[in-house]
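Number of protein chains: 2
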Amino acid sequence: MAERDPRPHVVVVGGGFAGLEAAKALPGSHVRVTVVDRRNHHLFQPLLYQVATAALNPADIAAPIRSVLAKYQHVSVLLGEVTRIDTARRRVIFHDGSELDFDFLILATGTTHSYFGHDDWAEHAPGLKTIEDALEIRRRVLYAYEAAEKESDPERRAHWLTFVVVGGGPTGVELAGALAEIARFALKNDFRRIDPGEARVLLLEGRDRLLPTFNPELSDYAARSLGDLGVDVRTKVRVTRIADEEVECLDAYGQNFVIPAHTSLWAAGVAASPVAASLGVGRDRAGRVQVQSDLTVPGHDNIYVVGDLAAMTSKGQPVPGLAPAAMQAGRQAAANIVATINGEQRTPFVYWDKGSLATIGRASAVGSIGRFKLYGYLAWLGWLFVHILYLVGFRNRLLVMFQWVWAYVTYQRGARLITGAIDQKRLTE
Amino acid sequence: MAERDPRPHVVVVGGGFAGLEAAKALPGSHVRVTVVDRRNHHLFQPLLYQVATAALNPADIAAPIRSVLAKYQHVSVLLGEVTRIDTARRRVIFHDGSELDFDFLILATGTTHSYFGHDDWAEHAPGLKTIEDALEIRRRVLYAYEAAEKESDPERRAHWLTFVVVGGGPTGVELAGALAEIARFALKNDFRRIDPGEARVLLLEGRDRLLPTFNPELSDYAARSLGDLGVDVRTKVRVTRIADEEVECLDAYGQNFVIPAHTSLWAAGVAASPVAASLGVGRDRAGRVQVQSDLTVPGHDNIYVVGDLAAMTSKGQPVPGLAPAAMQAGRQAAANIVATINGEQRTPFVYWDKGSLATIGRASAVGSIGRFKLYGYLAWLGWLFVHILYLVGFRNRLLVMFQWVWAYVTYQRGARLITGAIDQKRLTE
Numbered sequence: 000m001a002e003r004d005p006r007p008h009v010v011v012v013g014g015g016f017a018g019l020e021a022a023k024a025l026p027g028s029h030v031r032v033t034v035v036d037r038r039n040h041h042l043f044q045p046l047l048y049q050v051a052t053a054a055l056n057p058a059d060i061a062a063p064i065r066s067v068l069a070k071y072q073h074v075s076v077l078l079g080e081v082t083r084i085d086t087a088r089r090r091v092i093f094h095d096g097s098e099l100d101f102d103f104l105i106l107a108t109g110t111t112h113s114y115f116g117h118d119d120w121a122e123h124a125p126g127l128k129t130i131e132d133a134l135e136i137r138r139r140v141l142y143a144y145e146a147a148e149k150e151s152d153p154e155r156r157a158h159w160l161t162f163v164v165v166g167g168g169p170t171g172v173e174l175a176g177a178l179a180e181i182a183r184f185a186l187k188n189d190f191r192r193i194d195p196g197e198a199r200v201l202l203l204e205g206r207d208r209l210l211p212t213f214n215p216e217l218s219d220y221a222a223r224s225l226g227d228l229g230v231d232v233r234t235k236v237r238v239t240r241i242a243d244e245e246v247e248c249l250d251a252y253g254q255n256f257v258i259p260a261h262t263s264l265w266a267a268g269v270a271a272s273p274v275a276a277s278l279g280v281g282r283d284r285a286g287r288v289q290v291q292s293d294l295t296v297p298g299h300d301n302i303y304v305v306g307d308l309a310a311m312t313s314k315g316q317p318v319p320g321l322a323p324a325a326m327q328a329g330r331q332a333a334a335n336i337v338a339t340i341n342g343e344q345r346t347p348f349v350y351w352d353k354g355s356l357a358t359i360g361r362a363s364a365v366g367s368i369g370r371f372k373l374y375g376y377l378a379w380l381g382w383l384f385v386h387i388l389y390l391v392g393f394r395n396r397l398l399v400m401f402q403w404v405w406a407y408v409t410y411q412r413g414a415r416l417i418t419g420a421i422d423q424k425r426l427t428e
Numbered sequence: 000m001a002e003r004d005p006r007p008h009v010v011v012v013g014g015g016f017a018g019l020e021a022a023k024a025l026p027g028s029h030v031r032v033t034v035v036d037r038r039n040h041h042l043f044q045p046l047l048y049q050v051a052t053a054a055l056n057p058a059d060i061a062a063p064i065r066s067v068l069a070k071y072q073h074v075s076v077l078l079g080e081v082t083r084i085d086t087a088r089r090r091v092i093f094h095d096g097s098e099l100d101f102d103f104l105i106l107a108t109g110t111t112h113s114y115f116g117h118d119d120w121a122e123h124a125p126g127l128k129t130i131e132d133a134l135e136i137r138r139r140v141l142y143a144y145e146a147a148e149k150e151s152d153p154e155r156r157a158h159w160l161t162f163v164v165v166g167g168g169p170t171g172v173e174l175a176g177a178l179a180e181i182a183r184f185a186l187k188n189d190f191r192r193i194d195p196g197e198a199r200v201l202l203l204e205g206r207d208r209l210l211p212t213f214n215p216e217l218s219d220y221a222a223r224s225l226g227d228l229g230v231d232v233r234t235k236v237r238v239t240r241i242a243d244e245e246v247e248c249l250d251a252y253g254q255n256f257v258i259p260a261h262t263s264l265w266a267a268g269v270a271a272s273p274v275a276a277s278l279g280v281g282r283d284r285a286g287r288v289q290v291q292s293d294l295t296v297p298g299h300d301n302i303y304v305v306g307d308l309a310a311m312t313s314k315g316q317p318v319p320g321l322a323p324a325a326m327q328a329g330r331q332a333a334a335n336i337v338a339t340i341n342g343e344q345r346t347p348f349v350y351w352d353k354g355s356l357a358t359i360g361r362a363s364a365v366g367s368i369g370r371f372k373l374y375g376y377l378a379w380l381g382w383l384f385v386h387i388l389y390l391v392g393f394r395n396r397l398l399v400m401f402q403w404v405w406a407y408v409t410y411q412r413g414a415r416l417i418t419g420a421i422d423q424k425r426l427t428e
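Just so you know, the protein sequences line up as chains Z and W, in that order. Here the first sequence is numbered in numbering that gives the first Met the number 0, starting from 0 and rising by one per residue. Here the second sequence is numbered in numbering that gives the first Met the number 0, starting from 0 and rising by one per residue.
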């Protein structure tokens, strides 16, 4: 940055829903903007489970941040990993030690997995946050069937054909439904020694129902639908240990039990991205930053935290960690920065609830919009429509639609590739 | 395999063009077949460079071997890496020590890169054989622009924006053309500090012309077309050293020169897959097995080697390493196995030359069919048509066609994702 630019510099850290919306909403007349991300792409996380379950390609649900922002001439994009914020010196610190000055900061780095202190579980039960996570899950799921086909011992074969999903929120429900469909439909005729339909999918949830943030009626519907797909849904079950070949649990009666399974997936806990700690302000139990009603952090009226990284409130109510909420908050932060520059009053964030949706499988979903509840086919169509609508890029929309129609008609999954290294232990087992 | 099956067992090692065609051509009335591959997917290698250059997704050019063979009930598929053939005991030995008996063997494991004894070049100049190779190249190419955007020193910036392709065969020509197009078109408006159009692409070839297996007129045309795209084509140049940040060469006059470049790609040498050595039969300089005219190996009339792994001849002439030749040879091996079982005479392989094609870039290609030579737009249309036709799976054909039309109209590349680990040194540089 050799030339002097008189405009205040806004640094947006994170190219997710919140960060991109903020960058787009900031006017070049008032500010210059740098968007920093450690990835070169914006990821449409709501469809990540479809990459993990071989329905979509990585590139279908990702768009280069540079392309998305190409026409915003006052916005630069920088690839880099931010490890720390120096609030006093108004600098963003990268992991190689380099720094970037800001006048205003919008921090939107989202969340990462949390294994509730059991970080050793991570290798046995990968979570689903990045493209790499999704490809790792795809690799393990597809490889389990290959290993089962090779295995002559019926018991060990059954262990390869057991899939455990930990966590009954939307991601867990979607993963479990998709895994059941793979077993029943997509792989049906492909094996000679095993019947993929024999695969068991277990969905474990610690609380008393699936989708705890949804209406209880919808939770019931989801549990029944998953049951119809052959998923073994267990609520009030706490996972106490995850190893390479088994998952140990504690049920509501205090009984321990062990599920022998080669493939476990983690859809349970999330924690705020660790960079939040360097702000030195109050955070909740999940590590999310407690922002003020105008989305700034206490003591720094030039630092905003938005999206999943923030414990945001709207009219005193907590705001859910959904893409629409993140996008709205990003725009609000942009508006408040402009207000500050213009010497005007910042306004509090008001969340407009657009409802929530979760698919269960082929032609089935649940959702709510305000007081309305949606079930089954209609909810599923709504889900399709909303997700196509929110996908970034016309090309991606067309490609995803095509692949969904194809999968719906043929019951096949188009992205059944095992790529990358399968660890040797698994291959030789 | 508990039950006894009276049919002879044919093991096909390798799920490429040759192996798949052989498996499909073997009749269930005569044999049972096991196809072994260390990958779960058949890869359409002629389009791999399009994955490397962010035009296509991995899954667009790959199909699960199981799906491809699902309707052939007498064919089983096994995921596993074959390290050795025990010809005396008629067994295939896997890398975990397990074994598989065969009555007939069709070995079709193809080729791997050869760095002509300089294996240390591999890390600096990745080759292009697998999906992982393609993603690694894509990662390096896209990351080079990101690093250049961050770099303030003009000289070091230029090194990030220099791309060296070693080897002027079809793969090298296609890669160089695609790299030039990325610089000129796809990234045009996405950067603020660098102009991607400043990127230099060098194509180095040791012999006196590009595409040495093509007609010299076509070589000239290709060189001119690449020149028009801005590629710096250097023939009669031998590479003597490849390091992380430079490539050292020797020109026709015996002069050494150094090209400072962060990104080098290897499209020069191939060598036969190492498993060929265990057959204990004659091999050529590239390690390819010298098969007899009926495609069996000397001394073993039940062992066939086909595709790129074999130095095949047809009417005394060497057969080129092209997909149609591999497919024809696979079918010939199948026919000869059936003839042997029926007590009939095996017939020699006769290659039917369908011509060859190479794209240079947007709307430009060269090719020959028999005595006819094709240039420019017409050759390009022919190339498109042939590649769509040979792609495995209707879904892939539609998806690839859609993405090509999209790319043609918009000049964009749809799969611009940097995924996987970029090594720390590169990130912090």
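Glycine included, each C-beta is placed from N, C-alpha and C at the ideal position.
Using a CB distance below 9 Å, the part of the segment 186-208 of chain Z facing chain W consists of L186, K187, N188, D189, F190, R191 and R192, ordered along the chain.
Shortest Cα-Cα distance from W:R191 to any of Z:H73, Z:H299 and Z:P259 involves Z:H73. In this structure, DSSP gives W:P317 an extended state, which the three-state scheme calls strand. Looking at the backbone, the Cα of W:D227 and that of W:N188 are separated by about 21 Å.
When the alpha-carbon of Z:L356 is set against those of Z:Y144, Z:G366 and Z:L416, the nearest one is in Z:G366. W:L294 sits away from W:A107, with the two beta carbons spaced by 8 Å or more.
At least one CB of chain W lies nearer than 8 Å to the CB of Z:T418. Collapsing the DSSP output to three states places W:W405 in a helix.
When DSSP reads this structure, W:K372 sits in a beta bridge with W:S367.
Here W:D59 is buried. Its C-beta has 16 or more other C-beta atoms within 10 Å.
By the neighbour-count criterion, in which 16 or more other beta carbons inside 10 Å mark a residue as buried, Z:Q49 falls on the buried side. In the three-state scheme derived from DSSP, where H, G and I count as helix and E and B as strand, Z:I130 is classed as helix. Per DSSP, the unbroken alpha helix (DSSP H) holding W:G226 starts and ends at P215 to D227. Under the Cβ distance rule, Z:W159 does not count among the residues neighbouring chain W, no pair being separated by less than 8 Å.
A residue is called buried when at least 16 other Cβ atoms come within 10 angstroms of its Cβ; Z:W351 does not meet this threshold and is exposed.
Think of a sphere of 8 Å around the beta carbon of Z:K372: no beta carbon from chain W falls inside it, the nearest being about 36 Å out. Close CB contacts of W:G205 within its chain, under the 6 Å cut and outside five residues either way in sequence, are with R237 (chain order). Residues are counted here when their Cβ sits less than 7 Å from a Cβ of chain W; for the segment 92-126 of chain Z these are D95, given in chain order.
At a cut-off of 8 Å between beta-carbon atoms, W:E154 makes no contact with chain Z.
Across the segment 11-29 of chain Z, no CB contact with chain W closer than 9 Å is found for any residue. For the set Z:A147, Z:V165, Z:R370 and Z:L203, the Cα lying nearest the Cα of Z:G196 is the one of Z:A147. Residue-level contact by beta carbon fails for Z:R396 and chain W, as no gap is shorter than 8 Å.
For the segment 166-186 of chain W, the set of positions with a beta-carbon nearer than 7 Å to some beta-carbon of chain Z is empty. Within chain Z, the residues A58 and R394 have their CB atoms less than 7 Å from the CB of W:G413, given in chain order. In this structure the segment 139-146 of chain Z does not touch the segment 241-254 of chain Z; the number of beta carbon pairs closer than 8 Å is below three. Close to chain W, meaning a Cβ-Cβ distance shorter than 7 Å, are the following residues of the segment 130-147 of chain Z: I130, E131, L141 and E145.
A straight-line Cα-Cα distance of about 12 Å links Z:I258 and Z:V164.
In the pairwise beta carbon analysis, the segment 108-126 of chain W is classified as touching the segment 262-280 of chain W: at least three pairs are separated by under 8 Å. Two segments are said to touch when three or more pairs of C-beta atoms, one from each, lie closer than 8 Å; by this definition the segment 160-175 of chain Z touches the segment 199-217 of chain Z.
Residue burial annotation: W:Q316 is exposed, with fewer than 16 other C-beta atoms found within 10 angstroms of its C-beta. Here DSSP, grouped into helix, strand and coil, assigns Z:P259 to strand.
Listed in chain order, the alpha helix (DSSP H) elements of length 4 or more contained wholly in the segment 28-66 of chain W are 47-51. Just so you know, the alpha carbons of Z:T262 and W:I130 end up roughly 24 Å apart.
In its chain, beyond the 5 residues on either side, F348, V349 and Y350 have a beta carbon closer than 7 Å to the beta carbon of Z:S313. Within chain W, the residues placing a beta-carbon under 9 Å from that of Z:H40 are R415, L416, I417 and T418, ordered along the chain. Remark: C-beta atoms of Z:V81 and Z:V34 do not approach each other more closely than 8 Å.
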